[in-house]
Amino acid sequence: MRPTTEQIVNALKNVIDPDLQKNLVSLGMIENIVTGDNTVSFKLVLTTPACPLREKLKNDCIEAVKKYVDSSLDVRVEVSSKVKTNPQVSDKTAILPQVKNIILIASGKGGVGKSTVSVNMAISLAKTGAKVGLIDADIYGPSIPMMFNLSNQKPEAFEKDGVVKVLPFEKFGIKLISIGFFVDPEKALIWRGPMASNALKQLFTDVEWGELDYLIIDTPPGTGDIHLTLVQTLDVAGVAIVTTPQNVALADARKAINMFRADGIKVPVLGLIENMSYFVPAELPENKYYIFGKDGGSKLAAEMKIPLLGQIPIVQSICESGDAGEPIAAMENNIVEKSFVMLAEKLTQQLSIWNAFYEATDVEKHEETCNCKK
Ligand SMILES: Nc1ncnc2c1ncn2[C@@H]1O[C@H](COP(=O)(O)OP(=O)(O)OP(=O)(O)O)[C@@H](O)[C@H]1O
Ligand SMILES: [Mg+2]
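Per the working numbering, the sequence shown starts with residue 21, numbered consecutively.
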C-alpha cells in the first residue's frame with residue numbers, strides 16, 4: 021500500500037512528548053514526510069541534540085505509524101535537532117541576539133565545583149552536536165584559563181565596523197572566554213562592584229560569539245553584584261545550582277535558589293547538581309564512599325521542588341585533568357565523562373520544558389508538572 025501524508029500525520033498525532041506533554045505534530049517536530057509503496061520517511065526534529073528521549077521518541081513514531089496505518093510499512097525516521105530560542109530573547113533588544121539560551125552555573129558556597137561542572141558540561145554538550153560557548157565570569161578568581169591550559173594567553177582582537185572585537189578561544193569543541201584573559205587576577209580581587217560589572221559586560225558586548233545554542237556562564241561563589249549584573253544585563257534562560265551533599269553547602273545552595281526566585285530577579289532554577297556525591301577509588305570502581313553525607317542533594321531538590329540534574333562522584337582524575345588543562349569530558353569512554361553527558365542531557369531537557377511551556381517567571385505553574393514532583 022501507499023499511505024497518504026494525512027494518514028501519517030494523524031498517526032503521529034498519537035505520539036506524545038512526555039516532557040512537553042503535547043503531540044509531536046502540534047509541537048512542529050515532524051518534517052518532510054515522504055511516502056512510497058509500502059514505505060514512509062520523515063524527519064523528527066528534537067528541541068536539543070542532547071535529548072535523552074531521542075531513541076524513545078523515534079521508536080514511538082515507528083510504532084504509531086505501524087499501529088495506526090499499516091504494520092507492514094517500512095518506516096524510516098531521520099532524527100535531527102533545532103535548539104529553541106529562549107522566549108525572552110526575542111522580547112527585548114537582546115545584547116546577544118544570536119545566542120539562543122544563556123545558562124548560569126551558580127552555587128552558594130565556594131569550591132563546590134562550579135567551574136569543573138561548567139567546563140565539563142559545556143564540552144559534553146558540544147559533543148552532542150550543540151553550538152556551545154563558555155564564559156568564566158568569576159572576576160575574583162577566574163580558573164578557566166588554567167583548566168584549558170590557556171593561562172597567560174591573550175585572545176585575538178580584530179576590527180569590525182570600526183569597533184574592536186575579541187575572538188573567543190576555541191578548544192574541545194567550544195568557544196570560551198575568561199575575565200582572566202583580560203585582568204590580572206590578583207588585582208581583580210580588590211575591584212569594587214561597578215568596576216567588576218563593567219569589565220564583565222564587555223565579555224558579552226566586545227566578544228564575537230556568533231551563533232550559539234547554549235552559552236554557559238560560570239559565576240563566582242555566593243550571590244552578589246556579579247550575579248545581579250548578569251541577570252539584569254542578559255536574558256538568562258535559567259540557572260543550575262551546584263552543591264556538595266554537605267550541610268553547609270546545602271544551606272548556601274538553598275539561599276542561592278531563593279535569591280534567583282526572588283521578586284525582581286525571577287530566573288528559572290533549572291535544577292540542582294550534586295557534585296562530590298561520593299568517592300570512588302580508581303582501583304575499586306564499584307565501591308562508593310559517601311564522604312560528605314548521603315542524599316543531601318536529593319532532599320534539597322525535593323524541598324525546593326526542583327529536579328536533581330545529576331550526581332558527580334569525587335574522582336581523582338576530575339581534579340587532575342582540570343589542573344592539567346585537559347578536562348575529563350574531553351577524554352573518551354570513561355565513567356565520569358558519561359555522568360557529565362547525562363547531566364548535560366538533563367539540564368537541556370529542563371530548559372526545553374521551560375522554553376516550551378512557560379513564561380520565564382512562571383515558577384509555580386512549572387512546579388505543577390516538572391519532573392521533580394514524580
Ligand atoms: N567531582 C570532583 N572530583 C574531584 N575533584 C573535584 C570534583 N569537582 C571539583 N573538584 C576539584 O575541587 C576543586 C574546586 O572545584 P572548582 O574550582 O570547580 O569549584 P568552584 O565552585 O568553581 O570554586 P570557586 O567557588 O572557587 O569558583 C578543584 O580543584 C577541582 O578540580
Ligand atoms: Mg570556580
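Here a beta-carbon is modelled for each residue, glycine too, at the ideal position from N, C-alpha and C.
Just so we're clear, the structure is a prediction, and the values are computed from it rather than from any experiment.
Boundaries (first-last residue) of the alpha helix (DSSP H) holding residue i
{"i": "A321", "result": "316-324"}
{"i": "M167", "result": "164-167"}
{"i": "T25", "result": "25-32"}
{"i": "F312", "result": "Counting along the chain, F312 falls outside any alpha helix (DSSP H), and DSSP gives it neither H nor E."}
{"i": "S407", "result": "The question about residue 407 has no answer, for the chain in this structure spans 21 to 394."}
{"i": "V137", "result": "134-147"}
{"i": "R274", "result": "267-281"}
{"i": "I246", "result": "245-253"}
Cα-Cα separation, residue i to residue j
{"i": "A276", "j": "I125", "result": "11 Å"}
{"i": "K78", "j": "K151", "result": "23 Å"}
{"i": "V395", "j": "M362", "result": "It is not possible to answer for residue 395, since the shown part of the chain is limited to 21 through 394."}
{"i": "L223", "j": "I155", "result": "8 Å"}
{"i": "E176", "j": "L250", "result": "24 Å"}
{"i": "D238", "j": "G182", "result": "30 Å"}
{"i": "G342", "j": "P240", "result": "17 Å"}
{"i": "V89", "j": "S61", "result": "13 Å"}
{"i": "E26", "j": "S46", "result": "14 Å"}
{"i": "A376", "j": "W229", "result": "25 Å"}
{"i": "G48", "j": "D57", "result": "26 Å"}
{"i": "Q41", "j": "V65", "result": "16 Å"}
{"i": "F280", "j": "A31", "result": "42 Å"}
{"i": "G130", "j": "E352", "result": "29 Å"}
{"i": "E303", "j": "L44", "result": "46 Å"}
{"i": "D283", "j": "G330", "result": "28 Å"}
{"i": "F178", "j": "K185", "result": "5 Å"}
{"i": "S337", "j": "D272", "result": "27 Å"}
{"i": "S92", "j": "A84", "result": "12 Å"}
{"i": "K394", "j": "A269", "result": "Low local confidence applies: a pLDDT of 33 at K394 is under 50, so the model's placement there is unreliable, with the coordinate-based value given in what follows. Those two C-alpha atoms are separated by around 25 Å."}
{"i": "G128", "j": "R274", "result": "8 Å"}
{"i": "K325", "j": "M296", "result": "22 Å"}
{"i": "V458", "j": "N106", "result": "As shown, the chain starts at 21 and ends at 394. That puts residue 458 outside it, with no answer to give."}
{"i": "K33", "j": "K120", "result": "28 Å"}
{"i": "G153", "j": "I194", "result": "6 Å"}
{"i": "P301", "j": "N354", "result": "14 Å"}
Residue from the options whose Cα sits closest to the Cα of residue i
{"i": "T253", "options": "V287, G200, D272", "result": "V287"}
{"i": "Y298", "options": "G291, G316, F62", "result": "G316"}
{"i": "K63", "options": "D90, I28, Y88", "result": "I28"}
{"i": "D37", "options": "N52, G130, E75, I334", "result": "E75"}
{"i": "D80", "options": "N106, I50, T68", "result": "I50"}
{"i": "K134", "options": "G284, I143, S372, A260", "result": "A260"}
{"i": "I348", "options": "T148, M167, K120", "result": "M167"}
{"i": "A344", "options": "L196, V95, P165", "result": "P165"}
{"i": "L292", "options": "I197, K319, S217", "result": "K319"}
{"i": "W397", "options": "P23, I122, V85", "result": "The displayed coordinates of the chain run from 21 to 394. Any statement about residue 397 would go beyond what the structure contains."}
{"i": "D94", "options": "Q108, L328, P23, V132", "result": "P23"}
{"i": "K104", "options": "C71, V85, S127, R96", "result": "C71"}
{"i": "V54", "options": "R96, K33, K325", "result": "R96"}
{"i": "V203", "options": "P327, K195, A219, P214", "result": "A219"}
{"i": "K221", "options": "K120, D158, E294", "result": "D158"}
{"i": "A257", "options": "L116, N34, S171, L328", "result": "L116"}
{"i": "I82", "options": "L145, T59, F312", "result": "T59"}
{"i": "F312", "options": "N169, P333, A321", "result": "P333"}
{"i": "E294", "options": "K314, E323, I285, P301", "result": "K314"}
{"i": "S359", "options": "A142, N52, V109", "result": "A142"}
{"i": "A114", "options": "M215, D255, F201, A321", "result": "D255"}
{"i": "E323", "options": "V335, N278, E340", "result": "N278"}
Residue span of the beta strand (DSSP E) that contains residue i, given as start and end
{"i": "I50", "result": "50-56"}
{"i": "I123", "result": "119-126"}
{"i": "V85", "result": "That residue, V85, is in no beta strand (DSSP E); its alpha helix (DSSP H) goes 74-88."}
{"i": "F299", "result": "289-299"}
{"i": "S198", "result": "194-198"}
{"i": "L64", "result": "59-66"}
{"i": "T263", "result": "256-263"}
{"i": "K191", "result": "189-191"}
{"i": "G153", "result": "152-156"}
{"i": "I237", "result": "232-238"}
{"i": "S100", "result": "94-101"}
{"i": "A177", "result": "177-180"}
Any chain B beta carbon closer than 8 Å to residue i
{"i": "K174", "result": "Looking at the structure shown, chain B is missing, and only one protein chain is on hand."}
Query raised in the report: Taking one C-beta from the region 302-314 and one from the region 87-107 each time, how about it: are there three or more such pairs within less than 8 Å?
Result: At 8 Å Cβ cutoff, the stretches do not touch.
Query raised in the report: What residues sit near ligand 1, counting only those whose C-beta is closer than 7 Å to one of its heavy atoms, in chain order?
Result: Those residues whose C-beta sits under 7 Å from the nearest heavy atom of ligand 1 are, from N- to C-terminal order along the chain, S127, G130, G131, V132, G133, K134, S135, T136, V137, D158, G161, S163, D238, P240, P241, V262, N295, M296, I332, P333, I334, V335, Q336, I338, C339, G342, D343.
Query raised in the report: How about the region 353-372 and the region 176-195: do they share at least three Cβ pairs that are nearer than 8 Å?
Result: Judged by Cβ distances under 8 Å, the region 353-372 makes no contact with the region 176-195, as fewer than three pairs qualify.
Query raised in the report: Do three or more CB pairs link the region 243-258 to the region 133-142 at distances below 8 Å?
Result: No, they do not touch.
**Report entry** Contact between the region 264-275 and the region 232-239 (3+ Cβ pairs under 8 Å)
**Finding:** Output reads no: the region 232-239 does not touch the region 264-275.
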